[in-house]
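Notes to accompany the following structure.
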Amino acid sequence: MLHDLLLFARIEAQCCVFAVAIFGGLALSKLLALPIPRYDFLLIWCLCVQALMLLTRIETADEALVICLFHVFGLALELFKTHHGSWAYPEFAYTKFWGVPLYSGFMYAAVASYLVQAFRRLDLHFSEYPSDVANLFAILLYVNFFTNAWMPDQRWGLATALVALMWKTRVDFRLGDRRYSMPLVVSFALIGFFIWLAENIATFFGAWRYPNQRDVWHSVHYAKISSWALLVILSFVLIARLKGLKASLGVPDGGSYLLSRLHLPKPDASRSEPPST
0 MLHDLLLFAR
10 IEAQCCVFAV
20 AIFGGLALSK
30 LLALPIPRYD
40 FLLIWCLCVQ
50 ALMLLTRIET
60 ADEALVICLF
70 HVFGLALELF
80 KTHHGSWAYP
90 EFAYTKFWGV
100 PLYSGFMYAA
110 VASYLVQAFR
120 RLDLHFSEYP
130 SDVANLFAIL
140 LYVNFFTNAW
150 MPDQRWGLAT
160 ALVALMWKTR
170 VDFRLGDRRY
180 SMPLVVSFAL
190 IGFFIWLAEN
200 IATFFGAWRY
210 PNQRDVWHSV
220 HYAKISSWAL
230 LVILSFVLIA
240 RLKGLKASLG
250 VPDGGSYLLS
260 RLHLPKPDAS
270 RSEPPST
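Numbering-wise (numbering that gives the first Met the number 0), the sequence shown opens with residue 0 and increments by one.
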């Protein structure tokens with residue numbers, strides 16, 4: 000049991016490589032005297048980390064495509080939320096667009112990076128997963144992130160309904176030669192909690208600022224755990240849908256759609272983690 004727990008911790012750390020790299024960039028940009036604006040440095044840093052992850056095969060080509068997709072989704076949400084004063088990026092940067100630095104989309108992409116890595120490294124499978132209904136609720140959750148600026152926030156109603164629909168859904172994962180399972184909704188809550196902890200670190204290093212952090216840093220309110228859990232649900236449903244689409248295109252389990260079309264070399268099959276699904 001202890002061996003499997005340590006193995007789980009190691010795999011989780013591997014899944015968090017991109018998120019940890021972002022925190023490293025935030026810390027460096029806070030401590031070092033940079034020749035360029037800080038937000039510009041962070042954009043270059045994130046792009047370099049992504050390139051390195053591809054070159055070292057920590058990340059597959061398909062996973063990189065998912066990261067790009069989530070960067071776009073996240074940037075759209077950032078543009079809307081900052082325009083309505085939810086938080087701000089007060090520092091100057093050449094790579095700012097409507098007050099939002101382009102690196103910010105990678106903060107959302109880090110969540111997607113964790114999930115796609117977990118799908119592959121933990122060989123995730125699901126039982127009683129309501130795919131079509133989950134897709135619909137994911138769309139409604141994303142739309143609600145925008146509409147709650149002028150309409151009543153529907154997150155709790157949507158979240159309650161989705162949790163009820165997924166109450167019996169279990170996620171099955173592999174650790175070495177053994178497989179374990181847990182309720183999927185519990186995993187959403189746990190991931191949301193750890194992202195909230197990461198958000199406190201990020202705001203401490205000035206990645207962005209909430210209105211109450213403008214003069215003195217304060218910890219992020221615990222209610223944000225629910226927001227992150229909902230974002231995790233949205234991210235999970237979208238990634239599960241993309242993986243289902245890849246399967247429908249005839250890409251075999253463990254294969255890569257991009258690699259099969261671009262004739263690029265496949266990831267090293269000798270690695271200890273399970274192949275990409």
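Cβ atoms here follow ideal geometry from the backbone N, Cα and C, with glycine treated the same way.
None of the values given here were measured: they were computed from a predicted structure.
Out of curiosity, what's the CA-to-CA distance linking E11 and R178?
Within the sequence shown, numbered from 1, the residue matching residue 11 stands at position 12. Within the sequence shown, numbered from 1, the residue matching residue 178 stands at position 179. The straight-line gap from Cα to Cα measures roughly 16 Å.
Assigned exposure category for F17 - 16 Cβ within 10 Å defines buried
As a working note, residue 17 is residue 18 in the sequence shown. Label assigned to F17: buried.
When DSSP labels each residue in this structure, what does S218 get in the three-state scheme?
Position 219 of the sequence shown holds residue 218. Coil, per DSSP.
Proximity of E62 and V19 at Cβ, strictly below 9 Å
What you label residue 62 is simply residue 63 of the sequence shown in a count that begins at 1. What you label residue 19 is simply residue 20 of the sequence shown in a count that begins at 1. Result no, Cβ atoms of E62 and V19 do not sit closer than 9 Å.
By DSSP, does S180 sit in helix, in strand, or in coil?
Here residue 180 is taken as the residue at index 181 of the sequence shown, counted from 1. Reduced to three states, the DSSP call for S180 is strand.
Below 9 Å between beta carbons: does that hold for L183 and Y113?
Locating residue 183 in the sequence shown gives position 184, counting from the first residue. Locating residue 113 in the sequence shown gives position 114, counting from the first residue. No, the pair does not count as a contact, with Cβ atoms beyond the cut-off.
Restricting to Cα atoms, I'd like to know which of E198, S234, L157, L78 is closest to Y221.
Counting from 1 along the sequence shown, the entry for residue 221 is found at position 222. Comparing Cα-Cα distances from Y221 to each of E198, S234, L157, L78, the minimum goes to E198.
Quick one: what's got a C-beta closer than 8 Å to R9's C-beta in the same chain, skipping five residues either side?
Position 10 of the sequence shown, counted from the start, is the residue given in the question as residue 9. If we look at R9 and ignore the five residues flanking it on each side, it has no Cβ neighbours.
Distance between V162 and I35 (C-alpha atoms, nearest Å)
Taking the first residue of the sequence shown as position 1, residue 35 is located at position 36. Taking the first residue of the sequence shown as position 1, residue 162 is located at position 163. Those two C-alpha atoms are separated by around 46 Å.
Beta-ladder partner(s) of H124, from DSSP
Position 125 of the sequence shown, counting from 1, holds the residue named residue 124. BP columns for H124 point to D171.
Element boundaries [alpha helix (DSSP H), containing R213]:
Within the sequence shown, residue 213 is the residue found at index 214, counting from 1. That residue, R213, is in no alpha helix (DSSP H); it is neither H nor E in DSSP.
I believe I238 touches V65 by the beta-carbon criterion, under 8 Å. Please report the beta-carbon distance rounded to the nearest angstrom.
Numbered from its first residue, the sequence shown carries residue 238 at position 239. Numbered from its first residue, the sequence shown carries residue 65 at position 66. At roughly 6 Å, the Cβ-Cβ gap stays under 8 Å, so I238 and V65 are in contact.
Taking buried to mean at least 16 other C-beta atoms within 10 Å of its own C-beta, is H70 buried or exposed?
By one-based count along the sequence shown, residue 70 stands at place 71. Result: buried.
What residue range is occupied by the uninterrupted alpha helix (DSSP H) comprising L101?
Taking the sequence shown and counting its residues from 1, the one referred to as residue 101 is at position 102. Run containing L101: none; DSSP gives neither H nor E here.
Element boundaries [alpha helix (DSSP H), containing I57]
In the sequence shown, counting from the first residue as 1, residue 57 sits at position 58. It is not in any alpha helix (DSSP H) - I57 carries neither H nor E in the DSSP assignment.
Would you kindly report the start and end of the unbroken alpha helix (DSSP H) that includes C15?
By 1-based counting over the sequence shown, the position of residue 15 is 16. No alpha helix (DSSP H) holds C15; DSSP gives it neither H nor E.
Going by DSSP, what residues sit across from A133 in a beta bridge?
In the sequence shown, the residue the question calls residue 133 occupies position 134. Looking at the DSSP assignment, A133 forms no beta bridge with any residue, so it has no partner.
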